[in-house]
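Take a look at the structure below.
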Amino acid sequence: LKWWRLWPRKESVSTPDWTNWEAYALHVPFTFLFVLLLWLEAIKSRDIQHTADVLLICLTTTALGGKVINIWKYAHVAQGILSEWSTWDLFELRSKQEVDMWRFEHRRFNRVFMFYCLCSAGVIPFIVIQPLFDIPNRLPFWMWTPFDWHQPVLFWYAFIYHATTIPIACACSVTMDAVNWYLMLHLSLCLRMLGPRLNNLQHDDKDLKKKFLELIHLPRPLTQSAQDLPGFAAMMQYLVAMIMQVMLPTIYGNAVIDSANMLTDSMYNSDWPDMNCRMRRLVLMFMVYLNRPVTLKAGGFFHIGLPLFTKTMNQAYSLLALL
1 LKWWRLWPRK ESVSTPDWTN WEAYALHVPF TFLFVLLLWL EAIKSRDIQH
51 TADVLLICLT TTALGGKVIN IWKYAHVAQG ILSEWSTWDL FELRSKQEVD
101 MWRFEHRRFN RVFMFYCLCS AGVIPFIVIQ PLFDIPNRLP FWMWTPFDWH
151 QPVLFWYAFI YHATTIPIAC ACSVTMDAVN WYLMLHLSLC LRMLGPRLNN
201 LQHDDKDLKK KFLELIHLPR PLTQSAQDLP GFAAMMQYLV AMIMQVMLPT
251 IYGNAVIDSA NMLTDSMYNS DWPDMNCRMR RLVLMFMVYL NRPVTLKAGG
301 FFHIGLPLFT KTMNQAYSLL ALL
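Quick look at the structure:
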């Protein structure tokens, strides 16, 4: 996060750092300008299909821009949580069982994070390099430019901008997602560490009262950290990301359902009354067949459509409220 200017420059910052000009120098010409150019392309487009293709990336990058602004605002909260966890004596590992648990969970997190990074980074060459083999050449994503990038010389300016912006956007998105995962992992490990310590209290221990008081004071900072985490992964980051990533598949899935339902009306509005008996019988059989709804299922478990979107938003809000 520090590499991509998404983390406070100073340690123990208690307020958002809005004077980080290095962050502005990196994200304004790339992340935010890229979002602006995509929106201009979508607004100026007069082709519905082309507009839909542009919006597919435009909404995703807009969510990324919201996540960047959100982490600028709340990164000091995450920094304070991590600083407290690393400096307070009560969070020190005191047994081999705690050390083994800590190492195992962190190794597993590292494997998951590396796999996520490799999957994300592995897509970049296909996005960037593949358009070069098209004739005529095209950009990885459609965006508005103040010049005609279809000209061979000017094409490379727009292409280099894409080749630079896409890895930056990918790296920022991956790291911002990972810090949320790690904070929740660390919090869960601290809570798991508390259980065995309470279980190991013995009635004949001379320091029983002291140990017990230490342990009952431990949940307080953990509870406070749990209350601060939703502030870090707040509405702007959580709900916007959920909306952008879930809305598009459900919209297109709902379009399939609506298009299938319109077939019955189209068939009925045809010139079927004047057809011969055999054709009318076939039309009737076809309309009976069309009465079966056409739906898309994700993994064979749930239907893809706007009801799924509303259900996901409801569950996402419920989960956020629970946190």
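With the UniProt record's numbering applied, the sequence shown covers 1 to 323.
The C-beta atom is built at its ideal place from N, Cα and C for all residues, glycine as well.
In three-state DSSP terms, what is H150?
What you label residue 150 is simply residue 150 of the sequence shown in a count that begins at 1. Note: H150 maps to coil in three-state DSSP.
Can at least three beta-carbon pairs, one atom from the region 158-178 and one from the region 25-35, be found at a separation below 8 Å?
yes
Under the DSSP definition of a beta bridge, which residues are partnered with H106?
If you number the sequence shown from 1, residue 106 lands on position 106. The partner list for H106 (beta bridge, DSSP) is empty, contrary to what the question assumes.
Residues in the same chain with beta-carbon distance under 7 Å from E105, minus the five sequence neighbours each way, listed in chain order, please.
The residue you call residue 105 lines up with position 105 of the sequence shown. So the list reads L185, L189, once near-sequence residues are dropped.
Between F109 and Y182, how many whole angstroms is the CB-CB distance? I'm expecting something under 8 Å.
As a first step, residue 109 must be located in the sequence shown, where it is residue number 109. As a first step, residue 182 must be located in the sequence shown, where it is residue number 182. Yes, they are in contact, since the Cβ atoms of F109 and Y182 sit about 7 Å apart, within 8 Å.
Assign N269 to buried or exposed, taking buried as 16 or more other Cβ atoms, counted over all protein chains shown, within 10 Å of its Cβ.
Along the sequence shown, read from residue 1 onward, the residue named residue 269 stands at position 269. Label assigned to N269: exposed.
Whole-angstrom distance between V153 and M176, CA atom to CA atom
Residue numbering aside, residue 176 sits at position 176 when the sequence shown is read from its first letter. Residue numbering aside, residue 153 sits at position 153 when the sequence shown is read from its first letter. Straight-line Cα distance between these residues: approximately 36 Å.
Answer yes or no: do W144 and L37 have a C-beta to C-beta separation smaller than 8 Å?
As a working mapping, residue 144 is identified with position 144 in the sequence shown. As a working mapping, residue 37 is identified with position 37 in the sequence shown. Yes, Cβ-Cβ distance for W144 and L37 is below 8 Å.
With a 10 Å radius around its C-beta and 16 neighbouring C-beta atoms as the bar for buried, classify C277 as buried or exposed.
Here residue 277 refers to the residue found at position 277 of the sequence shown. Answer is exposed; the Cβ neighbour count stays below 16.
Cβ of P146 within 8 Å of Cβ of R138?
Start at 1 with the first residue of the sequence shown, and residue 146 comes out as number 146. Start at 1 with the first residue of the sequence shown, and residue 138 comes out as number 138. No.
For the alpha helix (DSSP H) containing L132, name the first residue and the last one.
One-based indexing of the sequence shown puts residue 132 at position 132. Run containing L132: none; DSSP gives neither H nor E here.
Boundaries of the alpha helix (DSSP H) in which W21 is found, first to last residue:
As a working note, residue 21 is residue 21 in the sequence shown. Run containing W21: 21-27, per the alpha helix (DSSP H) assignment.
Quick check on P140: buried or exposed, where buried means 16 or more other Cβ atoms within 10 Å of its Cβ?
Taking the first residue of the sequence shown as 1, we reach residue 140 at position 140. Buried.
Can you give me the C-alpha to C-alpha distance between S173 and M275, rounded to a whole angstrom?
Start at 1 with the first residue of the sequence shown, and residue 173 comes out as number 173. Start at 1 with the first residue of the sequence shown, and residue 275 comes out as number 275. Answer to the nearest angstrom: the Cα atoms are 59 Å apart.
Report yes if the CB atom of W72 is closer than 8 Å to the CB atom of A25, and no otherwise.
Within the sequence shown, numbered from 1, the residue matching residue 72 stands at position 72. Within the sequence shown, numbered from 1, the residue matching residue 25 stands at position 25. No, Cβ-Cβ distance for W72 and A25 is not below 8 Å.
Go ahead and label H50 buried or exposed: buried means 16 or more other beta carbons lie within 10 angstroms of its beta carbon, across all protein chains shown.
Indexing the sequence shown from 1 puts residue 50 at position 50. H50 should be labelled exposed.
Beta-carbon separation of I124 and C170 under 8 Å?
Locating residue 124 in the sequence shown gives position 124, where the first residue counts as 1. Locating residue 170 in the sequence shown gives position 170, where the first residue counts as 1. In contact: I124 and C170 (Cβ atoms closer than 8 Å).
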